[in-house]
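Presented below is the structure to which this report refers.
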Amino acid sequence: MKLTLKIWRQRNAADKGRMASYELDDVSPDMSFLEMLDVLNERLIIEGDDPVAFDHDCREGICGMCSLVIDGTAHGPQRATTTCQLHMRHFKDGDVITIEPWRASAFPVIKDLVVDRSAFDRIIQAGGYVSAPTGSAPEAASIPIPQADAHDAFDAATCIGCGACVAACPNASAMLFTAAKITHLGLMPQGQPERYGRVTAMVDQMDAEGFGGCTNTGECTSVCPKGIPLETISRLNADLLKATAKG
Amino acid sequence: MSLFSEGEPIRDTRAPDGSIKGRWDQRRFGGKLVNPANRRKLSVIVVGTGLAGGAAAATLGELGYHVKSFCYQDSPRRAHSIAAQGGINAAKNYRNDGDSIQRLFYDTVKGGDYRSRESNVYRLAQVSVEIIDQCVAQGVPFAREYGGLLDTRSFGGVQVSRTFYARGQTGQQLLLGAYQALERQVAAGTVEMFTRHEMLELIIVDGVARGIIARDMVTGEIETHTADAVVLASGGYGNVFFLSTNAKGCNVTATWRAHRKGALFANPCYTQIHPTCIPQSGEHQSKLTLMSESLRNDGRVWVPVEKGDTRKPADIPEDERDYYLERIYPSFGNLVPRDIASRAAKNVCDEGRGVGPGGLGVYLDFQDAIARLGRDAVAGKYGNLFEMYERITGDDPFEVPMRIYPAVHYTMGGLWVDYDLQSTIPGLFVIGEANFSDHGANRLGASALMQGLADGYFVLPNTISDYLAKGPYEKIDDDHEAVVEARASVTDRIEKLLSIDGDRTPDSFHRELGAVMWEYCGMERTEEGLRKAIDRIRELRAEFWSSVKVPGENEELNQNLEKAGRIADFLELAELMCIDALHREESCGGHFRAESQTPDGEALRDDENFAYAAAWEYTGEAPVLHKENLEYEYVKMTQRSYK
């Protein structure tokens, strides 16, 4: 099929940036979205143009590195799917496709479609862990965990840290990302000792990074490639309330 | 001119003597320790943040060393360990099904086709039980039984259930455990994190590893980082095949640069071709996706009995299907080791019985499992894998059998290390997939996660102290001759790559190299093919350095410059892989030489002549082979049989 791509081009953080238009023929429906961009880039190199920079790595939907806003939706039109797993069979001949980076002041653009998401690492540094230095662990079977809790904890722990939730949120809030970690660790017995200190520290860091507040619009969960549920945010808020009450 | 020459054998692996059961205790007791107060004066560079590197950096930080951790991705959480699906082995024997450290050791040595080092493998089996404890303590949400205890499943090549898992995302959950421990140390100030940084050269002073030259991939700045020891945890080199299940960024540069500086590279030809991957769909294909081996627990592999049968799978009656793994290997059935399952798939496709486009595929069918267990139970076990398959292919495995085909997945070879995981360059340690030590000629499923975490959490942090106890080493200034030389080699190479301005893209070379390697150094290798490959690789390398076109500049984010540097190293490694494959005139594990097979087509080892690890020395011309003889005191070498 034939496509027109309108892509955000920005040389570096200082550049103002603009949309540029490219025509692409011979796109196969079996290509992944990123393979389609590979084809464009191969052509741009030979033509002496600057290829489009975009983040990607595993290309199987789990590393969380790919990050494109496609036709206004983070990770594109297919639900619960990362950009790298989106295939061109979801588009049709003659389509005009707009491709932009994640937009959030806490995720500054580095080049073209590549943004800096190191703020997420700093939120985890603030408390997104269990303090269990190597060697200090008790025998694994000594801590039974009800299957349902393990199940729900996993559903939150499956977050890939891609940042689509931030990109989709009208407030550019990192609430779903933060809540996923709070929920994962808060549902496990191992996470209890640090539970309330964790939520306070992580939320403070989230604010310090310049992410916006959560107003429960739910855009985050609708674009989340792993379907992290909105309930995680309720859990975070409940923990935060208790933490504040505890002082 | 001869392709290689032979040098002195490797006589000392530094493994302690005595009973294999006590060696690890003995090593830990025999090693020097560093006083906690002195640890913060000692610095360690760790390159790579996967299971091995992330775990090592976190643990070294916890111990109080000053750690500098590097990854090429934008966050340490993205290392490709994250994509491991199936699980992690441990000899816990929670199932009471006859498992033990001895059995895990035995299975691993046998699975590796008797080409791994006994002492290391035994230690791996011992440490495996501690890994599960550690990960559970970090809050890794492993699968649980109704009673709340840890669940396990079976994996290829073994008859016990010892694989712990977190749905089909075990690697992700284990890596996030290590990542969180690492970020905790970043917050504590013991670990300095360098993301979007790529190691491009090793700094050696007086024969000892003292640092790295890294490129900041955002600004292009060439940085010097010195330390008392360097740890490479940079993963495997499967991307030499272009199409593999590795992440796009996986590369051999860190280990290859160290090899060029004197570290021996062992068994480069040992590549694992994973039997259950989604077949290629077209010319544009940029990578292949694995479907976890755990699917073989419940999925049945088959092809039509007749050649060229183009009926839909549902229209082929039971008696016209050949469940060839169950037929040929009745005792292990669909759970034979990976190398065997892959070659069997190739054989039936070569016979013209393959399915799907180009006849390069076999069915993995869940109809019986769905009938037996119910759709919900199957979805519970494999739901995310089925979804992934459907996203890529557009087919629903609940309705039609999956089509699968083997793809390059893991590399058992890597930098040679001794029992302490130290390379032949003092002060340079190599852990995880980047080293060669534990899997011999074939890795069993769910053992990569085990080895990465064993090395990172438990082995390296103990063995490296013996080396660091001799430090701190003299400070190295930026104008030290060795630093200047290493920096110059990096900047010269970048300038050269940018100045060629030819007419071919870096990827076009990579694709061509990959096709040559898959054809001649893939699932089946012959002398004739390998010689052809070596000639072609040399030509391709020359073409690369005269006609590659790398756009842009160094002083910016330049993804094609990154690629070009990695491809240049793959073009050198590929030749060594072929030389290694050519010299090993036997079949073992993932290395199948067509000239060396049993009458029924199984790999035929030649223990008399090849029971050694082949460690190659870089010379710039023909490499020099150093043999480490493998002695088996505890496991008797036999012809592997899974029938």
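Note that the protein sequences, when read in sequence, are chains A and B. Mapping of the first sequence onto this note's numbering: position 131 corresponds to residue 773, and the numbering continues sequentially without gaps. Mapping of the second sequence onto this note's numbering: position 261 corresponds to residue 1216, and the numbering continues sequentially without gaps. Where is the CB? At the ideal position from N, CA and C, for every residue including glycine.
Environment of residue i [buried if 16+ CB atoms lie within 10 Å]
{"i": "B/R1266", "result": "exposed"}
{"i": "B/Q1114", "result": "exposed"}
{"i": "B/P1230", "result": "buried"}
{"i": "B/K1023", "result": "buried"}
{"i": "B/G1520", "result": "buried"}
{"i": "B/G1338", "result": "exposed"}
{"i": "A/T800", "result": "buried"}
{"i": "B/N1417", "result": "buried"}
{"i": "B/S1189", "result": "buried"}
{"i": "B/V1260", "result": "exposed"}
{"i": "B/P1599", "result": "The first residue shown for chain B is 956 and the last is 1598, placing residue 1599 of chain B beyond what the model contains."}
{"i": "A/G798", "result": "A small fix is needed here, since residue 798 of chain A is Ala in this sequence, not Gly. Buried, since its Cβ has 16 or more Cβ neighbours within 10 Å."}
{"i": "A/T857", "result": "exposed"}
{"i": "B/V913", "result": "What is shown of chain B runs 956 to 1598, which leaves residue 913 of chain B out entirely."}
{"i": "B/A1202", "result": "buried"}
Residue i in three-state terms, based on DSSP
{"i": "A/C700", "result": "coil"}
{"i": "B/N1584", "result": "strand"}
{"i": "B/A1523", "result": "helix"}
{"i": "B/Q1028", "result": "coil"}
{"i": "B/Y1360", "result": "strand"}
{"i": "B/D1305", "result": "helix"}
{"i": "B/W1571", "result": "strand"}
{"i": "A/L878", "result": "helix"}
{"i": "A/D672", "result": "coil"}
{"i": "B/I1087", "result": "helix"}
{"i": "B/L1155", "result": "strand"}
{"i": "B/R937", "result": "Residue 937 of chain B lies beyond the residue range present for chain B, which begins at 956 and ends at 1598; the question has no answer from this structure."}
7 Å Cβ shell around residue i - same chain, five flanking residues per side excluded
{"i": "B/S1116", "result": "R1050, D1052, T1107, R1108, S1109"}
{"i": "B/L1485", "result": "Y1475, C1476, C1533, A1536, L1537"}
{"i": "B/E1510", "result": "T1174, G1175"}
{"i": "A/P693", "result": "N683, L686, I687"}
{"i": "B/E1156", "result": "I1167, I1168, R1212, A1441, S1444, V1445"}
{"i": "B/D1458", "result": "S1502, K1504"}
{"i": "B/P1096", "result": "A1121, Q1128"}
Own chain, CB closer than 8 Å to residue i, minus 5 neighbours either side, in chain order
{"i": "A/C700", "result": "M707, C726"}
{"i": "A/K888", "result": "Y838"}
{"i": "B/N1515", "result": "T1460, P1461, V1505, P1506, G1507"}
Nearest-angstrom Cα separation, counted from residue j out to residue i
{"i": "B/N1078", "j": "B/R983", "result": "For the record, residue 1078 of chain B in the displayed sequence is Arg; it is not Asn. The straight-line gap from Cα to Cα measures roughly 12 Å."}
{"i": "B/G1309", "j": "B/K1336", "result": "27 Å"}
{"i": "B/E1345", "j": "B/A1437", "result": "53 Å"}
{"i": "B/V1590", "j": "B/A1133", "result": "33 Å"}
{"i": "B/I1159", "j": "A/K753", "result": "35 Å"}
{"i": "B/F1282", "j": "B/M1148", "result": "Note that residue 1282 of chain B corresponds to Arg in the displayed sequence, not to Phe. Using only the alpha carbons, I get a separation of about 52 Å."}
{"i": "B/A1334", "j": "B/T1593", "result": "40 Å"}
{"i": "B/D1323", "j": "B/R1255", "result": "8 Å"}
{"i": "B/V1303", "j": "B/F959", "result": "36 Å"}
{"i": "A/F762", "j": "A/G803", "result": "7 Å"}
{"i": "B/K1026", "j": "A/L645", "result": "It is worth fixing the name first, because residue 1026 of chain B is Cys in this sequence and not Lys. Distance between the alpha carbons of B/C1026 and A/L645 is about 35 Å."}
{"i": "B/G1123", "j": "A/G703", "result": "13 Å"}
{"i": "A/G690", "j": "B/S1454", "result": "14 Å"}
{"i": "B/Y1412", "j": "A/V772", "result": "16 Å"}
{"i": "B/Q1040", "j": "B/D1029", "result": "22 Å"}
{"i": "B/D1375", "j": "A/S778", "result": "22 Å"}
{"i": "B/R1548", "j": "B/M1343", "result": "34 Å"}
{"i": "B/K1242", "j": "B/L1198", "result": "5 Å"}
Spatial neighbours of residue i in its chain, beta-carbon cut-off 6 Å, leaving aside the 5 residues before and after
{"i": "B/P1223", "result": "G1368, L1531, M1532, D1535"}
{"i": "B/K987", "result": "D1421, A1424"}
{"i": "A/G869", "result": "A722"}
{"i": "B/G1382", "result": "V1163, A1164, A1184"}
Note down, in chain order, all residues in the segment 1199-1232 of chain B with a beta-carbon under 7 Å from any beta-carbon belonging to chain A. A1202, K1203, G1204
Give the residues from the segment 1021-1046 of chain B that approach chain A closer than 7 Å (Cβ to any Cβ), ordered along the chain. Q1028, D1029, S1030, R1032, R1033, H1035, I1037, A1038
What residues in the segment 739-760 of chain A bring their beta carbon closer than 9 Å to a beta carbon of chain B? I752, K753, D754, V756, V757, D758, R759, S760
Contact residues within the segment 1500-1520 of chain B, judged by C-beta distance below 9 Å to chain A: K1504, V1505, P1506, G1507, E1511, L1512, N1513, Q1514, N1515
Using Cβ-Cβ distances below 9 Å, what residues of the segment 1097-1126 of chain B are close to chain A? F1097, A1098, R1099, E1100, Y1101, G1102, G1103, L1104, L1105, D1106, F1119, A1121, R1122, Q1124, G1126
The segment 1162-1173 of chain B: which residues have C-beta closer than 7 Å to a C-beta of chain A, in chain order? V1173
Scan the segment 1234-1259 of chain B for residues whose Cβ lies nearer than 8 Å to a Cβ of chain A and list them as they occur along the chain. S1236, G1237, H1239, Q1240, S1241, K1242, T1244, L1245
Residues of the segment 795-827 of chain A in Cβ contact with chain B at a cutoff of 8 Å, in chain order, please. A795, F796, A799, T800, I802, G803, H826, L827
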